[in-house]
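Protein chains in written order, with the working numbering: chain G, 1 to 419; chain F, 1 to 419; chain B, 1 to 385; chain U, 1 to 385.
Positions of the beta carbon are idealized from the N, C-alpha and C atoms, including for glycine.
Notes follow once the structure below has been shown.
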Amino acid sequence: MSEKAVADTPEQAEYRAYCKEWLANNKPGSYPKVTQSATVPGQKSQELQDYQAAWQKKCYEGGLVGCDFPKEYGGGGRTDCQRVANQELALALSPAFPNDTALRMGAFTLLEHGSEYIKKRFIPKMLSCEEMWCQGFSEPNAGSDVANQETFAEKQGDNWVINGQKVWTSNGEWADWMILITRTDRSHKHKGLTYFVNPIKENLGKTVEVRPLIKITGDAGFNEVFFKDMVIPDKYRLDEVGTGWSVAMTTLKYERDAGGMVSPGVGGRAIASAAAIPLSEMLAKSPLVNLAKNSHRNGKKASDDSAIRDRIIKCLIRQTAFSQTLRRGAVKGLVDNPSRIPLQIKLVASENGQNTSALGLEIAGAASTLCTAEKETMYMGSTWASAYIASFGGTIAEGTSEIQRNQIGERALGLPKSK
Amino acid sequence: MSEKAVADTPEQAEYRAYCKEWLANNKPGSYPKVTQSATVPGQKSQELQDYQAAWQKKCYEGGLVGCDFPKEYGGGGRTDCQRVANQELALALSPAFPNDTALRMGAFTLLEHGSEYIKKRFIPKMLSCEEMWCQGFSEPNAGSDVANQETFAEKQGDNWVINGQKVWTSNGEWADWMILITRTDRSHKHKGLTYFVNPIKENLGKTVEVRPLIKITGDAGFNEVFFKDMVIPDKYRLDEVGTGWSVAMTTLKYERDAGGMVSPGVGGRAIASAAAIPLSEMLAKSPLVNLAKNSHRNGKKASDDSAIRDRIIKCLIRQTAFSQTLRRGAVKGLVDNPSRIPLQIKLVASENGQNTSALGLEIAGAASTLCTAEKETMYMGSTWASAYIASFGGTIAEGTSEIQRNQIGERALGLPKSK
Amino acid sequence: MAQPKDFGFGTEETMLRDEARRFFKKNCDDSKLMELVGGNSNPNREPECNWDEKLWNQIVDLGWTILAVPEELEGIGSSAACVAGLMEEAGRAAFPSPLLANVNATYVLNACGTDGAKKALGEIVDGNTISLAIINKVGSWEFADTDVSASGSDPTTLDGTSYYVQDAQKVDYFLVKAVSDAGVGLYVVPVDAPGVTIVPDRIHDLTRDQAHVEFKSVAVDPAFVAAPAGKGDGVIEAAMPAIHTMTAADMVGAGEWQLQTTAEYARTRVQYDHPIGFFQAVKHPIVDVMIEIDHARSLVYNAACAIDHEPDQAALCAHMAQSTASDMAEFASNRSVQFHGGIGFTWECFIHLHFKRQVHNQVLYGDGGYHRSKLADMVMGPIAA
Amino acid sequence: MAQPKDFGFGTEETMLRDEARRFFKKNCDDSKLMELVGGNSNPNREPECNWDEKLWNQIVDLGWTILAVPEELEGIGSSAACVAGLMEEAGRAAFPSPLLANVNATYVLNACGTDGAKKALGEIVDGNTISLAIINKVGSWEFADTDVSASGSDPTTLDGTSYYVQDAQKVDYFLVKAVSDAGVGLYVVPVDAPGVTIVPDRIHDLTRDQAHVEFKSVAVDPAFVAAPAGKGDGVIEAAMPAIHTMTAADMVGAGEWQLQTTAEYARTRVQYDHPIGFFQAVKHPIVDVMIEIDHARSLVYNAACAIDHEPDQAALCAHMAQSTASDMAEFASNRSVQFHGGIGFTWECFIHLHFKRQVHNQVLYGDGGYHRSKLADMVMGPIAA
């Protein structure tokens with residue numbers, strides 16, 4: 001009947017106090033004025049990237065990033081303390097860390113599957129953001145079906161020669177390195193894969209090309225990456241030749257479970273603000289309510305139309321239910337199956353986002369034809385229609401909603417595989 | 001720009017006039033007072049069965065049933081005239097014909113696949129209702145998967161010995177004969193099936209047992225049929241041994257397309273009344289609107305709650321859209337793919353019915369706990385909750401909604417088979 | 001946060017909930033339940049009241065009927081989160097009993113704070129049960145809505161009819177809402193008091209009984225006035241968050257049973273050479289049902305925790321919980337029948353017991369849309385005239 | 001039945017529709033369209049007006065801009081069913097042109113019955129086009145809602161701004177709704193009249209242009225008063241069924257394109273060793289989209305037929321058509337992007353052109369809920385105060 005179920009261990013309590021103090025004494029510099037690339041719409045500016053990277057490095061040096069990693073690989077050697085740091089970073093409204101791919105899954109994958117050389121060489125710079133990483137999994141014919149890799153790595157002496165194409169590569173424009181899955185044997189789908197770390201930046205303009213890919217919104221947000229006779233040494237390989245699928249499974253597991261080192265920019269604000277404001281007030285200030293009070297339909301305010309009210313409330317209930325389910329996920333007595341809640345997070349969050357913006361689009365009415373809006377009717381800085389169009393990123397990327405439902409059905413309910 | 005697209009051929013015009021005259025001069029007797037079996041809830045009374053059978057016989061003798069069948073098999077030898085008779089029967093508010101299985105698909109299956117003996121022996125009495133028929137397709141392990149038949153027929157000399165069980169058999173309690181699909185070879189799923197006509201009534205209490213099956217509603221509405229060492233002669237076989245699946249496909253095709261001889265009880269009233277009343281009036285009188293005007297929620301009439309109004313109107317639009325789609329299905333210029341509309345009829349009708357009753361259940365509120373209702377808040381003679389519970393008959397029987405969507409996707413849109 | 005992160009659902013709450021789950025599983029599993037309530041399929045049967053009174057006595061001995069009674073009145077004084085856990089298990093078992101009816105009445109009595117109410121709570125402590133008789137013919141329990149009138153004093157006399165009284169044939173007392181010129185009062189009436197007639201309803205739910213109760217010049221024991229005239233409507237309003245939350249908990253438990261039963265069928269029923277759960281048309285909606293249950297369950301514990309720790313948010317949270325639970329119940333029931341196919345459409349397949357209990361729950365104390373309209377008033381303010 | 005069974009969609013209507021389908025397919029297929037409108041992906045680009053004027057001149061020569069103009073005014077006088085067929089094809093092609101804007105204005109002019117309106121229809125017959133300028137800043141075209149005021153007479157002077165003017169940079173005239181003390185009037189104004197400023201909007205839809213149009217002391221040619229003050233709102237109301245129906249027809253055509261394009265992708269895109277249409281999570285929603293399109297399409301022709309043959313039912317039928325079409329457009333768009341996966345989320349995959357056109361259509365002249373609330377008033381009567 002108390003917070004016992006989520007109480008800190010002594011180590012966590014001591015560490016939490018340390019984090020609080022450190023964060024009180026260490027602040028990121030002032031936010032850069034220029035945040036958008038002048039040449040590529042939707043790409044962040046060098047200034048913002050530098051700002052975020054410097055902050056991650058500072059936090060790493062302060063011991064707030066990678067604290068659970070072994071000391072010999074640049075970590076803090078603690079136990080189950082990263083989530084304490086994450087909570088405190090969120091409460092302090094920390095800016096996002098840019099090395100997302102490395103922090104969420106790259107470092108864990110290397111720790112589990114890398115050689116001693118790889119672990120010592122790469123993990124510290126992942127944590128400190130001295131080297132940026134991206135993920136080379138998706139290909140034109142390997143979207144949902146990740147195992148259908150066509151990028152080929154051919155062994156030549158002590159080296160591998162890589163040819164092929166990756167697509168939908170986030171951070172490709174910033175990355176020094178890529179975690180890469182390739183085909184090394186065409187006769188076995190799953191057993192013909194091999195996993196590497198791949199130095200893309202030093203080969204740019206030579207054997208590697210990174211091209212921004214334009215999203216449906218017109219923004220650049222990810223990239224195509226082409227390899228032409230790219231040569232890398234065998235020491236960049238993780239685990240054995242032909243075992244790439246099981247290494248990739250580790251990456252995907254951490255990606256799905258949001259790993260141990262979520263960037264504090266994600267969800268942090270929500271946690272922080274939820275603590276301060278009663279639910280009724282938070283809901284009353286929600287963007288949908290605001291929109292309805294500033295929109296007209298059928299001769300009256302949209303907020304006075306019961307059918308619209310019903311739909312808005314449905315949306316707000318779902319948002320509340322989602323955050324309460326996250327809360328319940330940490331309560332042992334109210335979780336029958338430990339994978340059931342974590343597995344549904346991505347699906348529910350992305351579909352809630354899509355449905356919310358679709359409703360807002362409708363309430364905004366004729367104004368939804370426009371790319372611009374006045375401040376009181378905006379949603380997270382853009383129009384509801386823009387948010388809706390962009391929302392498909394959430395329901396498609398990192399496993400479509402369809403794939404998510406397969407996995408939930410199979411893992412949480414034991415239903416047979418659909419493939 | 002006229003009714004040309006659906007205008008009668010000269011033969012049809014002449015026949016239509018004949019039907020009108022015949023129906024003006026011939027009326028069914030007075031409707032029986034006792035319509036429900038006293039012993040089995042939900043089963044119709046012998047009186048009603050006799051009344052319906054007599055009327056079908058009279059209509060057959062008048063030339064209104066089976067008019068497109070060849071004369072040598074008891075038909076009228078006409079071309080594409082049955083739908084004219086159906087329309088006129090509907091307009092005359094004819095009672096239903098009881099020999100549903102025979103009229104919708106049995107007679108057509110026999111015509112396409114029966115021997116000369118079978119066609120001459122059985123079709124006339126199907127049309128006249130001198131012999132009632134039922135369908136022996138479904139089994140406990142062959143629901144959606146019709147080909148998964150386990151009822152076994154073993155050849156012994158000139159006879160077949162049948163053992164097994166059928167289930168969900170409508171009209172099993174009235175039927176003299178059954179169209180029956182059996183397994184005759186366990187080594188091939190589809191090629192191991194053989195199709196028979198089967199004299200169940202004369203073997204009742206001997207090698208055949210018919211047991212009423214109680215529905216979720218508590219009503220009896222179909223049966224289980226058991227065969228124990230039942231012996232039938234080889235002359236009751238349709239087509240060759242091992243070709244039962246293709247015969248069954250014929251039956252299912254007519255079942256799905258509502259064949260050529262729909263019982264006039266089905267949909268007839270709707271056609272007749274739609275002609276007389278403008279849409280706006282018809283909608284204003286719909287049961288949902290009536291219910292809302294007689295129900296209370298949250299301190300006011302349900303009909304004054306915009307959220308309820310929105311949902312009612314959604315339902316009424318869907319009902320209207322469905323009937324307009326049926327109308328459009330007959331307009332050549334507005335149908336790109338001839339199977340597209342017929343294939344969706346069963347799915348849409350049954351799901352509309354379910355959604356309508358689910359909404360009514362909610363509007364009726366606390367009253368939906370009850371099995372009884374006052375007249376002004378009823379739906380087709382029962383409570384909305386009862387209608388909702390019964391509605392699963394529609395979404396499950398004769399191919400579940402899931403199977404329907406497979407078939408529509410495959411046949412109307414060319415999507416690959418899901419099985 | 002005013003609320004503990006774990007909803008106040010700690011070790012003892014978990015233990016009681018687990019004990020309840022074992023108890024129902026052992027004593028009233030699916031086939032036992034079918035035997036108990038499913039014997040007569042005739043849709044025209046007379047109203048029945050099927051329950052296992054011996055089992056009920058065990059439950060009373062376990063103290064589960066006095067969980068919500070305050071400690072100072074010799075009850076157990078459990079948190080709402082704890083009670084919700086028990087209601088969830090009762091719903092999972094679709095257990096025929098006055099457990100929910102009695103706990104709902106307990107919360108109304110707790111809100112009264114009168115000697116009359118304390119006396120009634122004492123009856124509960126003594127092993128008796130009470131059901132609310134507060135709904136009028138059109139289904140409303142709000143404001144001054146009731147079809148029972150009160151007149152006179154010492155004794156007050158009741159006349160009229162209460163509708164939708166839950167498990168009326170199983171309880172010992174009714175807590176009756178009646179209105180006079182002085183306003184709404186609440187009165188405790190023994191079920192066998194002179195002038196009381198219980199008229200059982202024919203209902204779909206086989207796991208409960210329901211009645212309308214007629215009062216003809218029923219004299220109320222002056223010591224049994226739970227809320228004097230003018231106070232009753234406020235008391236009911238104060239207790240509604242708990243009633244909504246516990247009703248929702250019953251639906252959540254029943255929904256989880258429907259989910260697991262349907263998933264089990266999907267894992268084992270083979271058609272087209274695959275267990276039907278292989279097909280995404282079956283698999284994905286089952287997943288969606290699971291998510292709706294998780295939503296509803298989280299909101300139930302959030303509401304229970306608000307009742308215990310943040311009472312000014314309790315009404316809001318309870319409307320959210322029951323709204324979501326009610327819609328979830330419809331969805332979970334619908335898919336459970338559909339995916340059981342032809343078998344699910346028969347009486348002998350026991351899934352209709354939970355299905356019909358859910359239909360009953362869905363419309364008791366407000367469906368999804370009702371609760372959303374209440375929430376809209378709270379969050380967006382009333383509709384401008 | 002007052003309506004012909006075939007919606008009045010006979011041989012000639014079918015021929016025109018088929019001709020239009022061939023024309024668009026030949027002259028503006030998907031890649032041509034992408035070339036025409038998709039060149040600049042910069043989300044901060046200035047408003048554009050991309051269309052093929054040569055192709056447009058062919059369309060004018062084919063007479064498709066005067067289909068709805070009455071025969072006695074030298075138009076073609078086609079039925080609404082016929083015009084709907086053409087609009088469906090324009091929507092299927094997501095064709096950039098003032099076709100829909102001009103036909104909507106034609107229906108308003110037809111309803112005016114004045115010499116001024118006839119003169120404007122004559123301009124259409126001469127190959128010019130007109131777009132409606134009847135919507136105010138908050139998106140309403142009803143009642144006396146407008147942000148343009150009229151003053152004086154001979155000439156009437158217009159001041160203010162019209163919003164959401166469709167294809168404003170492609171047409172020759174605006175039909176302006178303006179209000180004075182004498183009520184709402186409709187006035188025909190050349191796009192280049194002194195005092196008229198077209199301010200193009202930045203919009204999502206790449207296949208149209210839209211603007212708000214500012215009027216500063218714009219003197220109306222007295223011969224171009226289409227509806228005198230006091231008559232304009234009634235005229236607009238009379239024409240709305242046609243406007244709703246034709247807008248819905250555009251959505252139906254675009255929806256069918258989305259359906260067929262997505263089905264084609266599902267037949268050919270292989271993942272997990274199957275075309276993705278093998279998976280019911282893809283197949284079944286595509287089927288559901290098809291059914292929604294069929295519903296919307298049937299209701300469009302029902303509404304068109306009512307306009308032609310049963311005018312007292314036209315408003316009802318048109319609300320049904322646009323309500324269904326608008327919701328269908330959302331659903332069809334949503335699934336078309338989702339099932340194209342990562343590829344569908346890129347600019348180079350042309351499905352976003354139809355998607356964004358549908359978003360535009362969905363909210364023009366009322367979304368699904370707006371039309372349902374109108375229908376509720378018609379079918380159930382107004383809400384009691």
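Item	Value
Classify residue 43(G) as helix, strand or coil using the three-state DSSP reduction.	coil
With a CB to CB cut of under 6 Å and the five nearest residues on each side skipped, what residues in its chain are close to residue 15(U)?	none
Along the beta strand (DSSP E) that carries residue 153(F), what are the first and last residues, could you check?	152-156
Check distances from the C-beta atoms of the region 213-236 of chain F to those of chain B and list, in chain order, the residues that come in under 7 Å.	213, 214, 215, 216, 217, 218 and 219
Excluding five sequence neighbours on each side, which residues of the same chain lie with their C-beta closer than 8 Å to the C-beta of residue 297(F)?	305, 308, 363 and 365
Report, in whole angstroms, the separation of the C-beta atoms of residue 137(F) and residue 200(F), which I expect to be a contact under 8 Å.	That belief does not hold up - the Cβ atoms of residue 137(F) and residue 200(F) are roughly 14 Å apart, past 8 Å.
Can you name, in chain order, every residue of its own chain whose Cβ lies under 7 Å from the Cβ of residue 82(B), other than the five neighbours on each side?	13, 16 and 67
What did DSSP end up calling residue 23(B) once you bin it into helix, strand or coil?	helix
Beta carbon of residue 455(G), beta carbon of residue 108(G): below 8 Å?	Given a span of 1 to 419 for chain G in the structure shown, any question on residue 455(G) remains unanswerable.
For residue 176(F), which residues of its own chain have a beta-carbon under 8 Å away from its beta-carbon, when the five flanking residues on both sides are left out?	131, 132, 133, 199, 200, 201 and 202
Taking three-plus beta-carbon pairs below 8 Å as touching, is the region 266-275 of chain U in contact with the region 268-280 of chain B?	no
Residue 309(B): buried (16+ other C-beta within 10 angstroms of its C-beta) or exposed?	buried
Please confirm whether residue 347(U) has its beta-carbon closer than 8 Å to some beta-carbon of chain F.	no
Assess, as a yes-or-no matter, whether the region 145-161 of chain B is touched by the region 77-94 of chain B under the definition of 3 or more beta carbon pairs within less than 8 Å.	no
Where in the region 97-148 of chain F do unbroken runs of the alpha helix (DSSP H), each at least 4 residues long, occur, reported from the N-terminal end onward?	107-113 and 116-128
Would you be able to state if there are at least three C-beta pairs under 8 Å between the region 231-239 of chain U and the region 101-113 of chain U?	yes
Nearest by alpha-carbon distance to residue 344(F): which of 293(F), 94(F), 333(F) and 323(F) is it?	323(F)
Can you name the residues that DSSP bridges to residue 426(G)?	This structure cannot speak to residue 426(G), because chain G is shown only from 1 to 419.
Per DSSP, residue 160(G) is paired with what?	155(G) and 232(G)
Counting only beta-carbon atoms, is residue 361(F) nearer than 8 Å to chain B?	yes
Contact between the region 323-337 of chain F and the region 300-308 of chain U: three or more CB pairs below 8 Å?	yes
For residue 218(U), which residues in the same chain have their Cβ closer than 8 Å to its Cβ, ignoring the five residues on either side in sequence?	157, 158, 159, 189, 193, 194, 195 and 196
So residue 410(G) is in the alpha helix (DSSP H); what residue range does that whole segment cover?	401-413
What's the C-alpha gap between residue 223(F) and residue 48(F)?	19 Å
Determine the DSSP secondary structure at residue 15(G), reduced to helix, strand or coil.	helix
Buried or exposed: where does residue 313(G) fall if 16 or more other Cβ atoms within 10 Å of its Cβ makes it buried?	buried
Please tell me whether residue 246(B) and residue 361(B) are closer than 8 Å, where the distance is taken between their beta carbons.	no
May I ask you to list, following chain order, the residues of the region 354-377 of chain B that have a beta carbon less than 7 Å from some beta carbon of chain F?	359, 360, 363, 364, 367, 369, 370 and 373
Beta-carbon within less than 6 Å of residue 195(F)'s beta-carbon, same chain only, minus the 5 sequence neighbours each way: which residues are those?	181, 238, 244 and 247
Which same chain residues, not among the five before or five after residue 89(U), have their C-beta less than 7 Å away from its C-beta?	17, 20, 21, 24 and 253
Since residue 209(B) and residue 167(B) are thought to touch, with beta carbons under 8 Å apart, how far apart are those beta carbons, to the nearest angstrom?	6 Å
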